[in-house]
Structure formats: structure tokens, C-alpha cells
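What follows is one structure encoded as C-alpha cells, with my remarks underneath.
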Amino acid sequence: MNIPNCITLFRILLIPLIVILLLEDKINLAFLAFVVAGISDALDGFIARTFKQKTQLGAFIDPIADKLLLNTTHIALAIIGIMPGWLAVLVVSRDIIILVGMGILFYNNKHPRIKPTFDSKITTFFQLLTVSFLLGYEYWVDYLFLQDYFIFLNAFFTIVSCFHYIVIGTWILQGKLDKRFDSSII
């Protein structure tokens with residue numbers, strides 16, 4: 007187990023701590039733990055690329071850690087009433103649809119390269135931004151008017167990327183994905 011993978015596992019271990027802090031109404035500490043998790047995500051990727059420590063395990067657990075962090079924080083924020091429940095349902099549903107789609111592809115002996123699409127990266131950005139904004143709301147009191155915009159953009163790009171993956175998955179299943187296009191999924 008190399009250093010980037012250990013950092014990723016550390017990020018996974020922060021998730022229950024964040025939830026506990028949220029449930030105990032320690033929002034500032036949850037925000038701090040979320041920021042540390044975000045920094046750890048950037049750090050493990052930087053170390054893996056810079057020092058050529060990319061592994062198959064890391065390629066597998068890093069996106070899982072990201073999804074666990076984002077889905078869990080969306081759910082927890084909805085439960086404690088800081089985030090609209092419908093947004094948490096939307097975010098989690100997208101990832102379930104993607105997982106079911108991947109299962110269908112693998113069941114049909116289709117094995118696309120697992121790599122995020124551009125719109126998925128934008129989605130992740132707005133999910134992170136929304137969670138960070140809602141957790142750290144005390145730090146941006148002058149910007150609270152942006153909250154609804156972040157929630158809307160989070161929802162919009164979550165829906166867009168979900169439909170994009172459905173289209174890509176359908177094309178792969180039907181054998182209609184042109185070789186010029188990247189068949190990356192997730």
C-alpha cells in the first residue's frame with residue numbers, strides 16, 4: 007500500500023467523522039473535516055502522478071472515496087435540514103443509475119474505460135462547492151444569496167451528467183459508439 011492509497015483510505019475514514027459532527031450540530035468542525043478530505047483528494051492525486059505511484063487499487067478506491075464523501079454529506083446535510091432533501095435524492099440517484107448502468111454493461115460483456123467525462127467533472131465541482139458553501143455558511147455570510155444558485159447548478163449538472171451517461175451507455179450497448187468518441191464512463 008503506497009502513500010496515495012493511504013491518503014485515500016484516510017479520506018474514507020473521515021466520512022463517518024463528518025457525519026457524526028453534522029449530527030451533533032458541530033457544523034464548523036464538519037466543515038474543517040470536509041476541507042481536510044478535499045485537500046487529501048488533491049494530495050493523493052498529486053503524489054500519485056508526481057512520483058509515479060498510480061496503482062490499480064488507487065484508480066479503484068479514489069473515485070469510490072469521492073462518491074462516498076459527496077453522497078454521504080449530501081444525505082447528512084438533507085437529514086439535518088441544511089440542504090433540500092430533493093437535491094440529496096437527485097445526487098444519490100444519479101450515482102445509483104450510473105452503477106446500475108455499469109452493471110448492465112458488464113453483464114453484456116461491455117467493458118468501457120472508467121474515466122470521468124467533462125460534464126461529470128463539472129458536476130463534481132458543483133457538488134463540492136454546494137456542500138462546502140452550506141457547511142461553511144458562517145464564513146460567507148455576505149454571499150448567502152449565492153446558495154440557491156449553487157443548489158440549482160448542482161442539480162442541473164447532476165441531471166445533465168446522468169443523462170449523458172445514459173446516452174453513452176445506450177450507445178455502447180447498441181454498438182453505435184463511433185470509434186472517434188471516447189467510451190469513458192463515470
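Numbering (my numbering) for the sequence shown: 7 to 192. Backbone N, C-alpha and C define an ideal beta-carbon position, used for all residues, glycine too. In this text, all values refer to a predicted model and were calculated from it rather than measured experimentally.
Outcome for residue i when other beta-carbon atoms lying within 10 angstroms are tallied against a minimum of 16
i, result
"I45", "exposed"
"R55", "exposed"
"I102", "exposed"
"I152", "For clarity, residue 152 is Leu in the given sequence; the question names Ile instead. It is exposed - the Cβ of L152 has fewer than 16 other Cβ atoms within 10 Å."
"P22", "exposed"
"N114", "exposed"
"D148", "exposed"
"N160", "buried"
"F112", "exposed"
"D154", "exposed"
"I24", "buried"
Extent of the continuous alpha helix (DSSP H) run through residue i
i, result
"L150", "First-last for L150: undefined, no H or E at that position."
"G51", "I33 to T56"
"V10", "As written in the sequence, residue 10 is Pro, which differs from the Val given in the question. Note, P10: alpha helix (DSSP H), I9 to L29."
"Y113", "G91 to Y113"
Candidates the options, of which the one nearest residue i by Cα
i, options, result
"F131", "D47, L111 and F52", "D47"
"A65", "A94, F112, R119 and L35", "R119"
"N77", "V166, L152 and V137", "V137"
"I18", "D68, I53 and G51", "D68"
"E144", "P90, G181 and K32", "K32"
"G109", "T176, L15, N11 and I157", "T176"
"T14", "I26, L74 and I165", "L74"
"F57", "I128, R100, N8 and F162", "N8"
"F158", "L93, L49 and N11", "L93"
"A71", "F16, I88, I53 and F52", "F16"
"T79", "Q133, K121 and S167", "Q133"
"I88", "V166, I165 and A36", "A36"
"C12", "L96, I53, L27 and I24", "I53"
"H117", "H170, L150, L179 and Y171", "L179"
"G51", "V95, S126 and P10", "P10"
"W146", "I174, I26, E30 and N34", "N34"
As assigned by DSSP and simplified to three states, the class of residue i
i, result
"I128", "helix"
"I86", "coil"
"W177", "helix"
Requested in this report: Check whether the stretch 46 to 63 touches the stretch 77 to 89, counting contact only when three or more Cβ pairs, one atom from each stretch, lie closer than 8 Å.
Outcome: no
Query raised in the report: Is there contact here, the stretch 32 to 44 with the stretch 138 to 154, by at least three beta-carbon pairs under 8 Å?
Result: With a cut-off of 8 Å, the stretch 138 to 154 and the stretch 32 to 44 count as touching, because enough Cβ pairs lie within range.
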